[in-house]
Every structure is written in structure tokens, then in C-alpha cells.
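S.K.: After the C-alpha cells below, expect a handful of questions from me.
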Amino acid sequence: MPELPEVETVRRTLQQLVVGKTVERVTVRLPRIIQRPDDIEAFSLLLQGETITSVERRGKFLRLMFDHYTLVSHLRMEGRYGVYEAEEPLEPHTHVIFHFTDGTELRYKDVRQFGTMHIFPRDEDLQELPLKKLGLEPLDDAFTLDAFRKAVAHRTTRIKPLLLNQEYIVGIGNIYVDESLFLAGIHPERAANTLTGPELKRLHEAIVLTLKEAVAAGGSSVKSYVNGQGEIGMFQHQLKMYGRKDEACQQCGHAIEKTVVGGRGTHFCPKCQPRKRRRAAKG
Ligand SMILES: [Zn+2]
Numbered sequence: 003m004p005e006l007p008e009v010e011t012v013r014r015t016l017q018q019l020v021v022g023k024t025v026e027r028v029t030v031r032l033p034r035i036i037q038r039p040d041d042i043e044a045f046s047l048l049l050q051g052e053t054i055t056s057v058e059r060r061g062k063f064l065r066l067m068f069d070h071y072t073l074v075s076h077l078r079m080e081g082r083y084g085v086y087e088a089e090e091p092l093e094p095h096t097h098v099i100f101h102f103t104d105g106t107e108l109r110y111k112d113v114r115q116f117g118t119m120h121i122f123p124r125d126e127d128l129q130e131l132p133l134k135k136l137g138l139e140p141l142d143d144a145f146t147l148d149a150f151r152k153a154v155a156h157r158t159t160r161i162k163p164l165l166l167n168q169e170y171i172v173g174i175g176n177i178y179v180d181e182s183l184f185l186a187g188i189h190p191e192r193a194a195n196t197l198t199g200p201e202l203k204r205l206h207e208a209i210v211l212t213l214k215e216a217v218a219a220g221g222s223s224v225k226s227y228v229n230g231q232g233e234i235g236m237f238q239h240q241l242k243m244y245g246r247k248d249e250a251c252q253q254c255g256h257a258i259e260k261t262v263v264g265g266r267g268t269h270f271c272p273k274c275q276p277r278k279r280r281r282a283a284k285g
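The sequence shown lines up with residues 3 to 285 when you count with my numbering.
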């Protein structure tokens, strides 16, 4: 499943490939991808003649900005975008096709069919579901240590499920939560309100570092993740925890353990990420 770095990679790729293109018409082959408006003809009509001015992102949602509308697109499990010449044959599972006036097409493929698209009047999308309830954007300058502390420090929830909750911080999925908690030396089941000041600082730094490295590497994937240009992300080999059960921890050599936290498979090092906070030396 794409996480924030992968979606950011798709965003950057689309930004290069589709900005300035004008929609001639739209073909919707699987109506249930379209969540708003509730009529696929209206969906197509709204975008006819509209030019893409930029491609933005909020959490794991892509925002295709048109002259008068914003198209909010979530890839969910398997959604993929690609830009093709109109004469290229359609690949299986192509559900939505944006035909441009220059003879190219933006095609949306989705094997699992869980992806969604919403159209809103431009910029109104941030005040509406599904975007309005989203929390802090971890790659934004506004994601300061102070903002992070305010969002999590007083909560009694375990830290891993809290970090996965999009209402507090957006876009850090299962893989990067495990990596960040390892980097910060924090057990995934610690209650958020038991984290010390230095631990919160380490965790904040770890989240930013992990996501920035992943974005720089072009997004990762456990299964080969293909971005909008057909390139495969290269971050997987850099993952220190995820998918490495029973391998030696790169920091201490102890075997990496896998457990389930909040219903999610969770990798951690029991030595580097002790369940109980280390006590200060007795004096
Ligand atoms: Zn370790």
C-alpha cells in the first residue's frame, strides 16, 4: 500500500507530466471510484475544458488542481496513475481515463478497486470530508516539535496506533511508524503520555528523517511499487525494521521481533526499544 513518501513521489511525477494539460473529456469505466459528484456524467462535465494547474497532496490524498475545481484522489491499496498516448492499448483494470486535448491520456488503474475520487470547487476540498479531519502534515514546516508534542503528549493511547491515526498526524503508515519508533528507541506499545521530553524530541526527528529519506529515495514498497512513470521505488533496502523478523538488529544485533499492535503487524527490537522506560541510575 502506498504510504506518504510514495504518494509524494506520485505527486512529483504527475506534477511534471500533466500540469498545463487540458481535459477534452473523461471516461469513467467503474462508477464506484467516483464519490463526488454522485453522477459520473456530472463528474466528466465538470472537468471538460479544465486545465491542470498543479498537483498537490494532503496526507495520502492527491489533489489535482484544475482552473475551477480540485480533484481529490486516494490510491488506497493498488491505485496507479500513468500517462499514455491515446493510441496505446488500455491495460486491464483501467477505470478512469482523462483524455487531454494534446492526444495524451491520464489513466487510473486499480486492481483492488478501493481508490476514490472526489471533485470540489477549487480549494473548498480542505474544508470538506475526507480532507477536513486530517491532522498535522509531517513534511510541512508547521510540523514543529511543539506542534507534535501538543498533538500526542497528553494522550493515553499507545504510541503506534496514535501515530497511525490520521486525525493527529497524516500519512505515516505502518512501515514508517515502525522505522521511526526504532530510530527513536521507543517501544510501539508505550502510552503516548509516558514519553519523556527527550523521547518526544527523538521521535519527532525520527519521523521527519524517515519520511524525508523515503521521499528522496523515490518512495518505497514492499511489493514493487510503480510510480506514475513506471519507475520502481528504491527505498526498500533501506528499511531497518519492516519485514526483517528474526534478522539481527543493525544497532545491537538482537533478533528483531514481530508482534501485533492495534491490529497491525509490528516490527521492533526488544533491546533498543524496551517496553518499560529506562530508569535513571539509582542514586
Ligand atoms: Zn537493537
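Ideal placement from N, C-alpha and C gives every residue a C-beta, glycine not left out.
Can you have a look at residue 49 and say buried or exposed, based on whether 16 or more other CB atoms are within 10 angstroms of its CB?
M.R.: buried
S.K.: Thinking C-beta only, is residue 69 closer than 8 Å to residue 55?
M.R.: yes
S.K.: What does DSSP give as the partner residues of residue 269 in its beta bridges?
M.R.: 260
S.K.: Mind pulling the alpha helix (DSSP H) runs of 4 or more residues that sit fully within the region 134 to 185?
M.R.: Complete alpha helix (DSSP H) runs here, min 4: 147 to 154 and 161 to 166.
S.K.: Report yes if the C-beta of residue 278 is less than 7 Å from at least one heavy atom of ligand 3; otherwise report no.
M.R.: Ligands displayed in this structure: ligand 1; ligand 3 is not among them.
S.K.: Between the region 89 to 98 and the region 6 to 23, do three or more beta carbon pairs fall short of 8 Å?
M.R.: no
S.K.: State yes or no: is the C-beta of residue 256 nearer than 7 Å to some heavy atom of ligand 1?
M.R.: yes
S.K.: Spatial neighbours of residue 236 within its chain, please: C-beta separation below 7 Å, excluding the five flanking residues on both sides.
M.R.: Bear in mind that the predicted position of residue 236 carries a pLDDT of just 44, short of 50, making it unreliable; the figure below should be weighed with that in mind. Closer than 7 Å at the Cβ level, and outside the excluded window around residue 236, lie 219 and 220.
S.K.: Excluding the 5 residues preceding and the 5 following residue 17 in the sequence, name in chain order all residues of the same chain whose CB lies nearer than 7 Å to its CB.
M.R.: 56 and 57
S.K.: Confirm, please, whether the CB-CB distance from residue 185 to residue 208 is below 8 Å.
M.R.: yes
S.K.: Below 7 Å, is the gap between the Cβ of residue 37 and the nearest heavy atom of ligand 1?
M.R.: no
S.K.: Could you check if residue 278 is buried or exposed, using at least 16 other CB atoms within 10 Å of its CB as the buried criterion?
M.R.: exposed
S.K.: Whose C-beta lies closer than 7 Å to the C-beta of residue 243 among residues of the same chain, with five residues either side of it excluded?
M.R.: 180, 181, 184, 258, 269 and 270
S.K.: In chain order, what residues of the same chain lie with their CB nearer than 8 Å to the CB of residue 225, ignoring the 5 residues before and after it?
M.R.: At residue 225, the pLDDT of 40 sits below 50, so the modelled position is not reliable; the number obtained from the coordinates is stated separately. Cβ within range, chain order: n/a, list empty.
S.K.: According to DSSP, is residue 25 helix, strand or coil?
M.R.: Residue state, collapsed to three classes: strand.
S.K.: Who are the near neighbours of residue 104 in its chain, counting only those whose CB is closer than 7 Å to its CB and skipping five residues on each side?
M.R.: Scanning its chain for C-beta atoms nearer than 7 Å, with the 5 sequence neighbours on each side dropped, one finds around residue 104 the residues 23, in chain order.
S.K.: Residue range of the alpha helix (DSSP H) that residue 188 falls in?
M.R.: Looking at the DSSP string, residue 188 is not in any alpha helix (DSSP H), and its letter there is neither H nor E.
S.K.: Whose C-beta lies closer than 6 Å to the C-beta of residue 273 among residues of the same chain, with five residues either side of it excluded?
M.R.: 254 and 256
S.K.: Evaluate contact between the region 26 to 37 and the region 108 to 120, counting only Cβ atoms and requiring at least three cross-stretch pairs below 8 Å.
M.R.: yes
S.K.: Output the distance between the C-alpha atoms of residue 146 and residue 167, rounded to the nearest integer angstrom.
M.R.: 18 Å
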